[in-house]
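Remarks on the structure that follows.
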Ligand code: SF4
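Residue numbers (this note's numbering): 1 to 403.
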């Protein structure tokens with residue numbers, strides 16, 4: 001049921017972009033065509049998991065109802081005597097060859113290019129491990145949490161222990177370009193921070209997008225709690241939309257990469273059997289709209305001429321052969337209270353004019369308990385706006401508004 005389904009970063013982003021596409025993916029569970037760059041990312045992630053899993057030393061978790069917390073010392077003392085030997089470089093590349101998938105590449109050349117990129121990138125990453133000495137407490141871990149009532153989940157590429165005993169969330173990126181701003185603004189990292197903080201006993205100290213192509217960890221401090229409020233509100237809006245089953249299509253540039261165009265109401269083609277009849281209806285609608293705009297514009301012009309004539313002659317009724325045009329008046333008062341706001345606030349009267357509507361102002365102006373000088377100043381901000389319009393009276397007594 002959509003109501004209870006926890007939101008991942010990608011499902012949240014998908015809903016924000018297009019609720020209907022979200023429905024196709026997460027409710028109807030329609031498959032998407034594989035794409036080479038996603039397949040590539042998955043393969044690289046899985047090999048990195050294999051490489052780093054032997055280095056994992058679990059950290060203390062927040063105790064649930066039926067579990068007791070363990071500490072790193074407990075774990076090291078009782079369950080782990082020495083770390084297992086690391087995977088060799090040759091083993092790593094062999095694992096890469098085993099994990100390779102050909103799904104979604106546009107051509108054999110494209111696949112070969114990606115495959116070589118991955119080999120190169122993993123080889124360099126292997127050498128870099130000697131320098132970085134990561135201390136993972138988990139790799140590719142699935143975490144769930146309730147973020148103040150919103151169920152969320154995610155697979156975290158890596159959680160490391162920092163030198164200060166805290167935690168660092170690491171997300172690998174195989175994309176071409178990445179900057180420090182990406183790490184600062186990443187909503188994905190923010191969600192991961194909430195997930196880790198909800199499940200682990202130690203605080204999250206830093207968040208890192210690891211750019212694999214350049215072996216650059218783009219590391220930023222963990223977000224302060226108040227910096228997460230906007231994201232929480234956006235996720236709450238998404239969760240509310242899903243709960244209300246609001247799945248309207250939101251077309252945009254992203255439609256070009258959507259696999260569901262053929263079934264989407266924005267792009268679905270009309271069956272041939274209905275096409276001719278509906279084409280005629282649309283053409284007729286278009287003609288009528290054009291006629292309506294022309295008539296509206298002409299009506300405004302004629303009403304304007306009648307108004308000038310009535311002003312000049314000082315009359316309100318003008319006879320035609322089939323009807324009489326009668327000039328009517330609509331008036332409204334408007335008060336410009338901005339300059340008096342400080343005075344009204346100082347005298348405790350601002351609360352009586354929450355919207356500044358004429359009725360509120362008039363009530364105040366008539367109130368004998370209010371200082372007469374202030375009432376006079378409020379009244380003087382008022383201006384009367386008059387709007388004229390025409391009605392037609394015909395022989396049968398019918399009438400209609402023209403302006
Ligand atoms: S084609 Fe565009 S509007 Fe339609 S479901 Fe896909 S993303 Fe949404």
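A virtual CB, placed ideally from N, CA and C, is assigned to each residue, including glycine.
As the structure is a computational prediction, the values presented were derived from the model and not from experiment.
- A straight line joining the alpha-carbon of residue 170 with that of residue 334 spans about 59 angstroms.
- Per DSSP, residue 336 lies in no beta strand (DSSP E) segment and is marked neither H nor E.
- In this structure the segment 145 to 152 does not lie against the segment 114 to 124, because fewer than three pairs of beta carbons, one per stretch, are closer than 8 angstroms.
- Judged by DSSP in its simplified three-state form, residue 382 adopts strand.
- With a cutoff of 8 angstroms on beta-carbon distance, residue 304 and residue 387 are scored as not near each other.
- Remark: the shortest separation between the CB of residue 32 and any heavy atom of the ligand SF4 does not fall under 7 angstroms.
- Within a 10 Å sphere around the beta-carbon of residue 314 sit fewer than 16 other beta-carbons, which makes this residue exposed.
- Between the segment 157 to 170 and the segment 196 to 207, the count of C-beta pairs closer than 8 angstroms reaches three or more; the two stretches touch.
- Neighbourhood of the ligand SF4, defined by CB distance below 6 angstroms to any of its heavy atoms: 18, 20, 21, 249, 250, 251, 254, 255, 258, 260, 261, 264, 266 and 267, in chain order.
- Between residue 104 and residue 208, the CB-CB gap reaches or exceeds 8 angstroms.
- If you ignore the 5 residues before and after residue 231, its C-beta comes within less than 8 angstroms of the C-beta of 187, 190 and 191, all in its own chain and listed in chain order.
- Its Cα nearest to that of residue 124, the residue 214 stands out among 136, 47 and 214.
- Its chain contains 44, 174, 212 and 213 as the residues whose beta carbon lies nearer than 8 angstroms to that of residue 121, once the 5 sequence neighbours on both sides are disregarded; these appear in chain order.
- Put simply, of 30, 54 and 295 the residue whose alpha carbon is nearest the alpha carbon of residue 263 is 30.
- Around the beta carbon of residue 351, fewer than 16 other beta carbons lie within 10 angstroms, which makes this residue exposed.
- With contacts defined by Cβ atoms closer than 8 angstroms, residue 140 and residue 167 do not form a contacting pair.
- DSSP places residue 39 inside the alpha helix (DSSP H), whose first and last residues are 36 to 52.
- Excluding residues up to 5 positions away in sequence, 19, 20 and 23 lie with their Cβ nearer than 6 angstroms to the Cβ of residue 247 in the same chain.
- Here the alpha carbon of residue 26 sits roughly 18 angstroms from the alpha carbon of residue 265.
- Non-local beta-carbon contacts of residue 46 in its own chain, meaning distances under 7 angstroms to residues more than five positions away in sequence, involve 99 in chain order.
- Inclusion of residue 59 and residue 202 in the CB contact set at 8 angstroms is warranted, their separation being smaller than that value.
- Beta-bridge partners assigned by DSSP to residue 324: 319 and 393.
- Sequence-distant partners of residue 89 (beyond 5 residues in either direction) whose C-beta falls short of 6 angstroms from its own C-beta, in its chain, are 126.
- For residue 272, the enclosing alpha helix (DSSP H) covers residues 272 to 313.
- According to the DSSP secondary-structure assignment, residue 160 is paired through a beta bridge with 136 and 168.
- Of the other Cβ atoms in all chains shown, fewer than 16 fall within 10 Å of the Cβ of residue 106; this residue is therefore exposed.
- Where residue 17 is concerned, the enclosing alpha helix (DSSP H) starts and stops at 9 to 17.
- By the neighbour-count definition (other C-beta atoms within 10 Å, threshold 16), residue 363 is an exposed residue.
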